[in-house]
Amino acid sequence: MSLQVKRPKGTQDVLPADIMKWRTVEATVSDTAEQFGFREIRTPVFEDTALYVRSVGDTSDVVTKEMYTVSSKGDATFTLRPEGTAGVVRAMLENGMMNEGFPQKVYYIIPAYRHEKPQAGRLREFHQFGVEMFGTQSPYADAEIILLAAAILDGCGLENVALHLNSIGCPECRAKYREALREYFAPHREELCETCRERLEKNPMRLLDCKSPICREIASGAPVILDYLCDGCREHFEELKSILDDYGIKYEVDSRIVRGLDYYTRTVFEFISQDIGAQGTVCGGGRYDGLVQELGGQPVPALGFGMGLERLIMTMESCGCAFEPEKTPDLYIAPMGDAARRKAALLADAVRQAGYAAETDLVGRGLKPQMRYADKIGAKFVVVIGDNELETGEAKLKNMRSGEETPVKLSEFMNAFSSELINEVFENGLGDEIAGAVADEIEKDTSL
Ligand code: ATP
Ligand code: MG
């Protein structure tokens, strides 16, 4: 027996039967981002390791435990992208985009790689949709990206994803807060998990993010960052909350939200689903006003979020949300005999060149299995071509939904077929659907 190679742990295959879930989500995120004026950016899957050490932070879980790093031929080491923000900032600086006027708004859909313990909703290769906005301090910008994330979740048909909101202040407010945390946790040192004991020295705020039940329990009585915010940070947070109130966006102020990556300042938020178990954070983001400078640029305020697409799809599945249906072929041409096969192949080609989707037999099967196949692939119409049809130059075009058959001249096939297809699309309710959607839009109250 030959050795069968398996896919690496923590990765997934997306099979054709599931592809429409991905297409639906990808279309929803990119269409909605574009409505908000974000433009797509694509950057390499791997970057210089230093990029992530400097941006994500050398005390973060990502850098200490989760990076896939390879050494290249020379001295360089590269890391598979664990998240999207650092690469985008690097690309924007390198390509002069930070000099092109603000705000700059970009989005991306990327695979990302983290060496984690695989479990439901936690993979080693996963996919993220992310947005980044540069060049504004305004709390309206914070509100806008939260609004965008909410619009996407809404567009996916999700209602039950709760927004948790917090502010983690600026480096000044945080210095005082860190001391308060150290003081609070120090007497509990021995009860903490090993990682948290280390965090206590290096970065005590991360203790609040620990998933171990004992650490969580201890952390529940810890001082709250909001009590330590400086005036500027407090005002920013108050204003953001009142803008969200204006939009009617519900949120819960949650002092446990500190985010896993070092670069955050002020606003941090997560959208958490109750429907997919422990790994319920579908979207996480916030402001990172120090990052661009950290990566060698001018001080440019920035903000954004990352949305885990596997978790988004899992949530949609568990809530019974609808995905776009797979497109079915417009026509299946069933030839009988060699002469007919030639004619069928040419006809399929002509139908495709006219912009329709057509298939014909490639296996050499009889009529019955061909009809079963046409049914399985969901062909809207079938035409059978045999010696008889070749002789008379006339065939029957069968509407597979209604069962109706229309005689068509092979010499005028394309005209007859396209008018039947258009009729079918309208009769099948699509016409009504479009009319209904227009009526809904008119009905909506757009006054403020
Ligand atoms: P978590 O607390 O779940 O580890 P994180 O803070 O490490 O998340 P981010 O770096 O903010 O996550 O990534 C943004 C989003 O990407 C997360 O909210 C989540 O939806 C998704 N995500 C992160 N890590 C994974 C993973 N290993 N597998 C699947 N999705 C992930
Ligand atoms: Mg993580």
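Read in order, the letters of the sequence shown are residues 1018 to 1465 in our numbering.
Just so you know, even glycine gets a beta-carbon here, dropped at the ideal spot from N, CA and C.
Can you look up residue i in the DSSP assignment and give me helix, strand or coil?
i, result
"GLN1145", "strand"
"ASN1405", "helix"
"GLN1310", "helix"
"LEU1097", "strand"
"ASN1440", "helix"
"HIS1181", "strand"
"GLN1154", "coil"
"ILE1169", "helix"
"GLU1064", "strand"
"TYR1268", "coil"
"SER1089", "coil"
"VAL1299", "strand"
"ILE1242", "helix"
"LEU1414", "strand"
"ARG1040", "helix"
"GLN1052", "helix"
"THR1028", "coil"
"GLN1387", "helix"
"VAL1080", "helix"
"VAL1123", "strand"
"PHE1430", "helix"
"VAL1400", "strand"
"GLN1136", "strand"
"GLU1200", "helix"
"GLU1255", "helix"
"GLU1117", "coil"
"LYS1228", "coil"
"ARG1382", "coil"
"CYS1213", "helix"
"GLN1370", "helix"
In chain order, what residues of the same chain have a beta carbon less than 6 Å from the beta carbon of residue i, not counting five sequence neighbours either side?
i, result
"ILE1350", "ALA1361, LEU1364, ALA1365, THR1377 and VAL1400"
"ILE1127", "GLY1101 and GLN1145"
"VAL1285", "ASN1183, ILE1185, ILE1274, ARG1276 and GLY1303"
"PHE1443", "none"
"ASP1271", "HIS1181 and ASN1183"
"PHE1053", "LEU1165"
"CYS1300", "ALA1166, PHE1288, PHE1322 and MET1324"
Closer than 7 Å to a non-hydrogen atom of ligand 4 - does that hold for the CB of residue i?
i, result
"GLY1325", "Inclusion of ligand 4 in the displayed structure is not the case, the ligand content consisting of ligand 1 and ligand 2 alone."
Buried or exposed: which applies to residue i, given that a residue is buried once 16 or more other Cβ atoms fall within 10 Å of its Cβ?
i, result
"ARG1206", "exposed"
"GLU1020", "A small correction: the amino acid at residue 1020 is Leu; Glu does not occupy that position in the sequence shown. It is exposed - the Cβ of LEU1020 has fewer than 16 other Cβ atoms within 10 Å."
"PRO1033", "exposed"
"LYS1267", "exposed"
"LEU1140", "buried"
"GLU1051", "exposed"
"ALA1166", "buried"
"LYS1344", "exposed"
"GLU1161", "buried"
"ILE1394", "exposed"
"ARG1107", "buried"
"SER1077", "buried"
"VAL1467", "Nothing about residue 1467 can be read from this structure; the chain reaches only from 1018 to 1465."
Please look up how many angstroms separate the CB atoms of residue i and residue j, rounded, as I've assumed it's under 8 Å.
i, j, result
"ALA1357", "ASP1392", "That pair is no contact at about 20 Å."
"THR1096", "PHE1063", "6 Å"
"MET1115", "GLN1315", "7 Å"
Only counting the same chain, and skipping five residues up and downstream in sequence, which positions put a Cβ closer than 8 Å to that of residue i?
i, result
"ALA1433", "LEU1414, THR1423, VAL1425 and LYS1426"
"CYS1247", "GLY1186, CYS1187, GLU1189 and CYS1190"
"GLY1354", "GLY1403 and ASP1404"
"GLY1138", "ILE1293, GLY1294, ALA1295, GLN1296, GLY1297, GLY1325, GLU1327, ARG1328 and MET1331"
"PRO1061", "ARG1098 and GLY1104"
"VAL1241", "SER1272"
"ARG1470", "A question about residue 1470 goes unanswered here, because the residues of the chain that appear run from 1018 up to 1465."
"GLY1174", "MET1333, CYS1336, CYS1338 and ALA1339"
"CYS1250", "SER1184, GLY1186, CYS1187, CYS1190 and ARG1283"
"ARG1214", "ARG1206"
"PHE1119", "PHE1151, GLY1152, THR1153 and VAL1317"
"GLU1411", "PRO1424, VAL1425, LYS1426 and LEU1427"
DSSP beta-bridge partners for residue i?
i, result
"ARG1304", "THR1282 and LEU1320"
"GLY1325", "GLN1145"
"SER1290", "VAL1178"
"SER1019", "Beta-bridge pairing links SER1019 to no other residue."
"ALA1375", "LEU1348"
"ALA1129", "PHE1143"
"PRO1424", "LYS1413"
"GLU1057", "TYR1124"
To which residues of the same chain is residue i closer than 7 Å at the C-beta, ignoring the five residues directly before and after it?
i, result
"SER1335", "ASP1292 and ILE1293"
"VAL1080", "TYR1069, VAL1070, VAL1073 and GLY1074"
"ARG1024", "ASP1030"
"ILE1260", "PRO1156, TYR1157 and ALA1160"
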